[in-house]
Amino acid sequence: MPAQKNQTSAPATKPAAAEGKTKTKASAKQKVPAPSHTIMTLEEKKAPKYLDRLYIPGMSENVKGYDAGVPKWLFESGMTIQVDKGWAAAPGDVITVGKLLDDGTVSVLATKQLKPGEELNNAYFFAAEQKDLPDGPYALVYVVHYAGGTDYDRSYPLLTLVKTDLPAGDDDDGPTVPGHSGLKFSVSETVIVPGNASKGVTITLQPPPNTNPTDEVDLHWGSVIKTQNIAGALKPTVILVTYADLLEAGDSDRLYVWLEVRDLVGNVSTPGSASVEVSVNLGQHLTDGPVIVNGGPPGYIDLEVVGENPLELQVRTPSSVGGVGDIYDVMFRIYPPKGGVKIIHKFVEIRRGGQVYSVFIDYLDVRMAAEGRVETSFVLRKSGPPYEVYSKKTAAEVRGSVVRLEPPDLEGYPDDHIGNDPAHVIARCPYYAWRQPTDEILWIFRLVKGLNEVILHTETQVVGQSWPVGAPVKQVFYWEQLRQFKGYSFEFYYVISSSFTRARAIDLNESLRRILTIS
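Just so we're aligned, residue 1 is where the sequence shown starts under full-length UniProt numbering, counting upward by one.
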């Protein structure tokens, strides 16, 4: 068993390297700053055998300089550390998870001794709280002390950056004032016409508080999104919207410009900036865009006004432009408040020239843009020249509260109680408006026991093409997978990973949790 003792100094702030000469116990004691919780001092091994790295479900990957990033939402959810069995496990083995201070010293986060039968598990799970992992870099490892002796092996470290402070810091203005108090920017031109469009438009963001050089700014110029590194803590960030960008975004009497800041682990400024309205008229769109009928005041969609009804858009062109048999291809772009875009197409055939036609957008689609923006336009597709006529863009901000993903449920268990040891259960992930076939659903059954030990079962499922729009995604779980939760109440939820956005937040990625019981 490892030697352990309580010490009181501050922990090291720099992760140790995975390789190198192992220090003796004496040198480790002299050199390692001691944290406020248990320290494990490892005996020297001449030829150490390194086990596979641990894993953190939901962690951010592709973090420059690190193997993993831990954003704020993971602690809000309840962070789990996963140790995959990569050794010949036996009852009595002791697994210790901790922070590597140097090759011979580990600051302990959690420990578990395998009971008979647990050696058959493929993975072991531990809970971690932010008080154990304050913001900073860590080398996270686990150590397996084998039953019946002092022999041990340690894993390669997972170099991890924990960062829970949000870019731009707290919003000092509160929810009644639009936009983040720390995201102030100016637009060089707010009325863009052919005479001034060729030089483009300059966006200048004043240095936000709580800025890191690795932060990125996502600028939204209507449908065009431009990403650029922050200039620094003292220097304004300047973003050029080029003439080509203006053409791509299109003409609009009211085009919204706004931005948000994202850090390298996926935290995003909350909320994003307030919007600046600009008018763009380059003469390339000769007809007005769709009219939003039942959303509320011009420039806004109030979800309370919509009242869970479909959002009505109306389109019209003069009979000299749109003739019988021509088709309106109506595009509705949805921009939720933490990035990403969903595009919906609706098609309407003209049966009588000059007539107004209505198009309806499902309420669930509109709702996903709460505290965000929408933009709509159309292309009139004709049978003769000009074959395509493009409208102006109509934009609106969406008023309402951000909506969390709905909790999953189990078919045939409306009271969330599972009895009689069924052979299997069928879980359902409710439809969410921005669902894509490439999305990954991480299903999670989770129970936290004493001493940071976690009983967990997870499965990852790709959504795929087989689920109709509006239908839930289903997954089968077998009794062998759920047996370990018998006699407990435990949490059941899912986490979505999507190319929809690079931001990571609890109200974007994780569902509400359902409490299940098995008797």
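We treat Cβ as the ideally placed atom computed from N, Cα and C, and that holds for glycine. Owing to the predicted nature of the structure, the values given are computational and were not obtained by experimental measurement.
On the three-state DSSP scale, how would you describe residue i?
{"i": "residue 221", "result": "strand"}
{"i": "residue 326", "result": "coil"}
{"i": "residue 243", "result": "helix"}
{"i": "residue 305", "result": "helix"}
{"i": "residue 115", "result": "coil"}
{"i": "residue 168", "result": "coil"}
{"i": "residue 465", "result": "coil"}
{"i": "residue 73", "result": "helix"}
{"i": "residue 375", "result": "strand"}
{"i": "residue 483", "result": "helix"}
{"i": "residue 362", "result": "coil"}
{"i": "residue 249", "result": "helix"}
{"i": "residue 173", "result": "coil"}
{"i": "residue 367", "result": "helix"}
{"i": "residue 120", "result": "helix"}
{"i": "residue 67", "result": "coil"}
{"i": "residue 93", "result": "coil"}
{"i": "residue 50", "result": "strand"}
{"i": "residue 135", "result": "coil"}
{"i": "residue 259", "result": "strand"}
{"i": "residue 42", "result": "coil"}
{"i": "residue 311", "result": "strand"}
{"i": "residue 504", "result": "coil"}
Report buried or exposed for residue i, applying the criterion of at least 16 other Cβ atoms within 10 angstroms of its Cβ.
{"i": "residue 129", "result": "exposed"}
{"i": "residue 175", "result": "exposed"}
{"i": "residue 233", "result": "exposed"}
{"i": "residue 292", "result": "buried"}
{"i": "residue 495", "result": "buried"}
{"i": "residue 343", "result": "exposed"}
{"i": "residue 488", "result": "exposed"}
{"i": "residue 421", "result": "exposed"}
{"i": "residue 515", "result": "exposed"}
{"i": "residue 241", "result": "buried"}
{"i": "residue 520", "result": "No information on residue 520 is available, as it lies outside the stretch 1 to 519 that the chain covers here."}
{"i": "residue 47", "result": "exposed"}
{"i": "residue 338", "result": "buried"}
{"i": "residue 65", "result": "exposed"}
{"i": "residue 503", "result": "buried"}
{"i": "residue 213", "result": "exposed"}
{"i": "residue 267", "result": "buried"}
{"i": "residue 351", "result": "exposed"}
{"i": "residue 520", "result": "Since the first residue of the chain shown is 1 and the last is 519, residue 520 is not available in this structure."}
{"i": "residue 320", "result": "exposed"}
{"i": "residue 88", "result": "exposed"}
Per DSSP, what are the beta-bridge partners of residue i in this structure?
{"i": "residue 457", "result": "445"}
{"i": "residue 82", "result": "55 and 125"}
{"i": "residue 337", "result": "DSSP output for residue 337 lists no bridge partner at all."}
{"i": "residue 523", "result": "Summary: the structure shown does not reach residue 523, with the chain confined to residues 1 through 519, and so no result is reported for it."}
{"i": "residue 331", "result": "345 and 377"}
{"i": "residue 98", "result": "108 and 141"}
{"i": "residue 350", "result": "Note: residue 350 sits in no beta bridge, so no partner."}
{"i": "residue 516", "result": "490"}
{"i": "residue 475", "result": "427"}
{"i": "residue 153", "result": "144"}
{"i": "residue 387", "result": "Paired residues: none, contrary to the question."}
Please state if the CB of residue j and the CB of residue i are separated by a distance shorter than 8 Å.
{"i": "residue 511", "j": "residue 405", "result": "yes"}
{"i": "residue 354", "j": "residue 318", "result": "yes"}
{"i": "residue 521", "j": "residue 255", "result": "No information on residue 521 is available, as it lies outside the stretch 1 to 519 that the chain covers here."}
{"i": "residue 210", "j": "residue 165", "result": "yes"}
{"i": "residue 261", "j": "residue 217", "result": "yes"}
{"i": "residue 181", "j": "residue 172", "result": "yes"}
{"i": "residue 98", "j": "residue 109", "result": "yes"}
{"i": "residue 377", "j": "residue 391", "result": "yes"}
{"i": "residue 433", "j": "residue 299", "result": "no"}
{"i": "residue 522", "j": "residue 409", "result": "Summary: the structure shown does not reach residue 522, with the chain confined to residues 1 through 519, and so no result is reported for it."}
{"i": "residue 312", "j": "residue 360", "result": "yes"}
{"i": "residue 144", "j": "residue 106", "result": "no"}
{"i": "residue 258", "j": "residue 244", "result": "no"}
{"i": "residue 167", "j": "residue 205", "result": "no"}
{"i": "residue 265", "j": "residue 161", "result": "yes"}
{"i": "residue 336", "j": "residue 315", "result": "no"}
{"i": "residue 150", "j": "residue 43", "result": "yes"}
{"i": "residue 53", "j": "residue 146", "result": "no"}
{"i": "residue 215", "j": "residue 230", "result": "yes"}
{"i": "residue 302", "j": "residue 399", "result": "yes"}
Taking 8 Å as the CB-CB cut-off, is residue i touching chain E?
{"i": "residue 225", "result": "Among the protein chains of the structure shown there is no chain E, as only one such chain exists."}
(message) If we require 4 or more residues per run, which alpha helix (DSSP H) segments fall completely within the stretch 186-230?
(response) For the stretch 186-230, whole alpha helix (DSSP H) runs of length 4 or above, ordered along the chain, are 194-197.
(request) May I have a chain-ordered list of the beta strand (DSSP E) segments no shorter than 3 residues that lie completely inside the stretch 261-297? (result) With a minimum length of 3 residues, the continuous beta strand (DSSP E) runs that stay inside the stretch 261-297 are 276-280.
(request) Entirely within the stretch 395-443 and at least 3 residues each: give me those beta strand (DSSP E) ranges in chain order. (result) Runs of the beta strand (DSSP E) lying entirely within the stretch 395-443, each at least 3 residues long, are 424-429 in chain order.
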